[in-house]
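Structure record follows, encoded as structure tokens.
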Amino acid sequence: MAVPQKYQQLNTFYKYYSGEKTAPVLTVFIGGNHEASNYMQELPYGGWVARNIYYMGYAGIIQVGGVRIGGISGIYKGHDFNKGHFERPPYERDTVRSVYHVRNLEVFRLKQISRHTDIFISHDWPQGIYHNGDVDNLLRTKPFFKQEIEENKLGARPLADLLSHLQPSYWFAAHLHVKFAAHVQHKPGADGIPAKSTKFLALDKCLPRRNFLQVLDIPHNQEEGLKIKLDPEWLNILKSTDHLLKLTPGTVYMPGPGGRERYDFTVSDKEMKDIVATFGGDMTLPENFEQTSPPILGLPNQQMKFARRRPLCVQVNPQTTLLCTMLEVTDPNAKILGKTSQQLLDESSTSPAASLSGGSDDPHDEEEAEDSGKDFPSMIDSSIDISISSMSNSPLGDRSGWDSFHTANESLGDSRLSSPSSSSTPLKPSAGGVGNKASLTLPAPSIVSKVADDDEELLLILSAQKNKSLSKSPLKDLPSA
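Its first residue numbered 1, the sequence shown is counted upward by one per residue in UniProt numbering.
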């Protein structure tokens, strides 16, 4: 993990990985620049990192309740953008950072999307997004952004290209440790297609009295249910561009107009139907989380200082193996091991998962280093029971749930899906709750500026957590922000 050693400590995720705790609401996230990269590399095309917590991979498109969600992980660094995914654990000083740098392959793949995307999430900001919001207020909060904004260098140029191409209804981001909203009005499309607009929202760092969370209502199809569905268009793009995946540090250019190589991978309706048939007619994602490393059980953080660390290694994940086998695409980790996904799938019933032994690079993190080092107690009490029904593991080869396909309703209904946008978990819908609104674990009320009076469940959660956190938090005597 690319953070100074003094900040390396075991927090609470291991409890969700081990099964000691289960996320109370469905959580979807993308990676940033302070992640456990070795674990995320097991899931290059997305997958469950714990029960009810889904990682979108290097990039991807999924559907939840008929809402189409796209995302791309990492931050942009020009010197690594045109490289392959060559990093592998154990990481060196450079690769522990370059492993989370955005690559041109993922941007190219997302540019093949031709159907509407409702929500897009990234860690980095699209370059130039500040011109569509209150830039003066942004500079009052972050005055050291002034030169980059004047030179139009703040943010990532490839993400600006994606914003222009995808034109999602919403775009959520983080990274720069400040809340900022913008409204982008896109140009009208060809053949008289009306102009679209994108509502952009970036949020602050997850610290007390910071604007790191906001609840939004997103229209969704009530009949779909709040289960993750794989996206047929995206899976087709993964399949048709598999030959472009490189695992070397050399320069890799994506095909374009004027060359001999195919560069347009727009997915046809027939290809959409074919991929649905491959998955047995139902694109619902199996609840097939599976541990690939021994979980930590009952070890507090202080004792972990004396615990022996397992050496990092290349690790294949059964979820990736299954998806790659069905799509007939390359599993990067299997390729490093010199095997195919089908071989690993065949071996999985008789042997354990295969393995092979084998500070920050972003200036915007430096001004937050002092805050990051402070030991703030959590304002979120995970002991409060608002859990929905737990997910169950499915065997590796179990395709149950992929027997019948229900086409996602293209016209979203009038029902509402309550969705927070945050720095690491932008969408957290729940299958349960009052009425059909999603439930959400929230920090103390001082973080949330507005709460609707009729949102009974949200108010109950806030009240319960406020009472419990104030009874034990050393922050209770501090003046409110």
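Where a beta carbon is used, it is the ideal one built from N, C-alpha and C, also for glycine.
Checklist line | Inter-stretch contact at 8 Å, needing at least 3 Cβ pairs: the stretch 142 to 162 / the stretch 90 to 98 | finding: no
Check: Going by the beta-carbon positions, is the gap between residue 240 and residue 265 smaller than 8 Å?
Finding: yes
Margin query: Out of 76, 132, 27, 1, which one is the CA nearest neighbour of residue 105?
Written below: 76
Notebook entry, point to check: Where does residue 119 fall in DSSP's three states?
Noted result: strand
Notebook entry, point to check: For residue 86 versus residue 249, is the C-beta spacing smaller than 8 Å?
Noted result: yes
Checklist line | 4 or more residues per run - each alpha helix (DSSP H) lying fully within the stretch 129 to 156 | finding: 135 to 141, 146 to 150
Notebook entry, point to check: Is residue 206 helix, strand or coil by DSSP?
Noted result: coil
Next item on the list: May I ask you to list the residues that DSSP assigns as paired with residue 62?
Entry: 69, 230
Check: Distance, Cα to Cα, residue 195 vs residue 176?
Finding: 29 Å
Checklist line | Pair within 8 Å by beta-carbon distance, residue 207 and residue 179 | finding: no
Next item on the list: Could you name the residues that DSSP lists as bridge partners for residue 183?
Entry: 199
Notebook entry, point to check: In the structure shown, what three-state DSSP assignment does residue 5 receive?
Noted result: helix
Check: Ordered along the chain, which non-local residues of its own chain (more than five positions away) have a Cβ less than 8 Å from that of residue 43?
Finding: 49, 55, 57, 317, 319, 320
Check: residue 150: buried (16+ other C-beta within 10 angstroms of its C-beta) or exposed?
Finding: exposed
Note to self: Which same chain residues end up closer than 7 Å to residue 155 when comparing Cβ atoms and leaving out the 5 residues on each side of it in sequence?
What the structure shows: 124, 125, 126, 127, 128, 129
Margin query: What does the alpha-carbon distance come out to for the pair residue 101 and residue 362?
Written below: 11 Å
Next item on the list: Return the chain-ordered list of same chain residues with a C-beta closer than 6 Å to the C-beta of residue 171, the five sequence neighbours on each side being excluded.
Entry: 120, 198, 200
Checklist line | Buried/exposed call for residue 257, threshold 16 Cβ in 10 Å | finding: exposed
Check: Where does residue 79 fall in DSSP's three states?
Finding: helix
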